[in-house]
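These notes are about the structure you will find just below.
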Amino acid sequence: FLFGLATTLSSSSWATSQTSGLAGLAQDRLATIPNGRTIFSTLVAEGKLERDLLGIRLVKSNGGAGNEGEGGGGAYAFGGVEEEWIVGGEAGLTWVDVTSSNYWGFPMDDVQMGRQSVLDSTTPRRAIIDTGTSLILTSTALAASIHAHIPNAYQSQSGGVWIIPCHQPSPSPATSTNVFFSIGGRRFGVPLKDLAWKALDEEGTWCVSGVQGGMEGFTVLGAMFVKNHYIALRYNDVKGESLSVGIGDRLDVEVMV
């Protein structure tokens, strides 16, 4: 592969960021370079992988109030999945066909707070996996429905950002306000505690919520979701005309049902 060293920065935030670069993993149709290909699709096309799979395991931070603390990490496994991290191994993954022409997108059956459905009739039943997005982004209506079940949640008057108390109940299968996304006939949860994303004050009282609205076309399941599960991306043919996403529970993360 050929990599280029940047000589100018599009944003000053890159100068202070701990991130040293960005590698896109969406479908090739989103490439901004003519005939551009992602690392994953190139490895598949050239037959460089043992299997045409990409396993993704992102680890939660060990921060205090808010979830932007130190720690995190994880792994991108090109050519297979890390079975030792998945409940039930590879057989424990639920696979869904990709229906999006640009993203790793698929049908979303339902969204629930505990056992209660909060998915309204206007929100498209489509979702995408995006490790490059920190939060879960969804429609304005669904974001409001989710936060209606979180005590003391409110929407800021400037910008419409959803804010919740930083100190939420510890993850528990019995917590009725954990949020669940039903995909492929199976529920995948994100604990309420994880939704307290970024502290807004030194005391750590109020946090930006990990679920925000304004994404009306589909729901983006970003790192907030991915860190609670094991994700696998699969090419079913070399040309990428058939793709699948696998989602499973992790052995290092408390499983919610």
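Take 304 as the starting number for the sequence shown in our numbering and just add one per residue.
For every residue, glycine included, the Cβ atom is placed at its ideal position computed from N, Cα and C.
Bear in mind that the values here come from a model prediction, so they are computed numbers and not experimental data.
Checklist entry - Given that a residue counts as buried once 16 or more other Cβ atoms are within 10 Å of its Cβ, and exposed if not, what is Asp497? => result Burial is judged here by how many other beta carbons sit within 10 angstroms of a residue's own beta carbon; Asp497 has at least 16 and is buried.
Checklist entry - Can Thr341 and Leu328 be called in contact, C-beta distance under 8 angstroms? => result A contact, by the Cβ cut-off of 8 angstroms.
Next on the checklist: Between which residues of its own chain and Asp552 is the CB-CB distance below 6 angstroms, once the five residues before and five after are set aside?
Outcome noted: Only Val390, Val558 meet the Cβ criterion.
Item to check | CA nearest to the CA of Ala499, picked from Ser545, Arg428, Trp465, Phe483 | outcome: Answer by Cα proximity: Trp465.
Checklist entry - Out of Gly549, Ser545, Val529, Tyr538, which has the shortest C-alpha to C-alpha gap to Gly375? => result Its Cα nearest to that of Gly375, the residue Val529 stands out among Gly549, Ser545, Val529, Tyr538.
Checklist entry - In angstroms, rounded to a whole number, what distance separates the CA positions of Gly463 and Val541? => result Roughly 43 angstroms between the two C-alpha positions.
Checklist entry - What residue from Arg360, Asn455, Asp504, Arg429 has the CA that sits closest to Leu495's CA? => result Of the candidates Arg360, Asn455, Asp504, Arg429, the one whose C-alpha sits nearest the C-alpha of Leu495 is Asn455.
Next on the checklist: With DSSP as the reference, identify every bridge partner of Trp465, one or two as the case may be.
Outcome noted: Note: Trp465 sits in a beta bridge opposite Gln458.
Next on the checklist: Can you look up Gly375 in the DSSP assignment and give me helix, strand or coil?
Outcome noted: Coil, per DSSP.
Checklist entry - Between Ser461, Ala380, Met518, Ala444, which lies nearest to Ala430 when the distance is taken from Cα to Cα? => result Nearest C-alpha to Ala430: Met518.
Item to check | Distance, Phe483 Cα to Ile534 Cα | outcome: The alpha-carbon atoms of Ile534 and Phe483 are separated by roughly 16 angstroms.
Next on the checklist: Give me the residue from Glu393, Gly417, Asn539 with the minimum Cα distance to Gly492.
Outcome noted: Of the candidates Glu393, Gly417, Asn539, Gly417 places its Cα closest to the Cα of Gly492.
Checklist entry - So the beta strand (DSSP E) Val548 belongs to, where does it begin and stop? => result From DSSP, the beta strand (DSSP E) with Val548 extends over 546 to 551.
Checklist entry - Taking the alpha carbon of Phe381 as the point to measure from, which residue in Trp388, Pro427, Arg354 has its own alpha carbon closest? => result Nearest of Trp388, Pro427, Arg354 to Phe381, Cα basis: Arg354.
Next on the checklist: For Val514 and Asn531, which I take to be in contact (beta-carbon distance under 8 angstroms), what is that distance rounded to the nearest angstrom?
Outcome noted: Asn531 and Val514 do not touch by the CB rule: their CB atoms are close to 13 angstroms apart, not below 8 angstroms.
Checklist entry - Where are the beta strand (DSSP E) runs, 3 residues long or more, that stay fully inside the region 371 to 448, in chain order? => result List check, beta strand (DSSP E) in window: 377 to 381, 397 to 400, 407 to 410, 413 to 416, 429 to 432.
Item to check | Supposed contact pair Trp407 and Ile439 - C-beta distance, whole angstroms, cut 8 angstroms | outcome: With a Cβ gap of about 15 angstroms, Ile439 and Trp407 do not count as contacting.
Item to check | Under the three-state DSSP convention, the category Phe521 falls into | outcome: Phe521 falls in the coil class under three-state DSSP.
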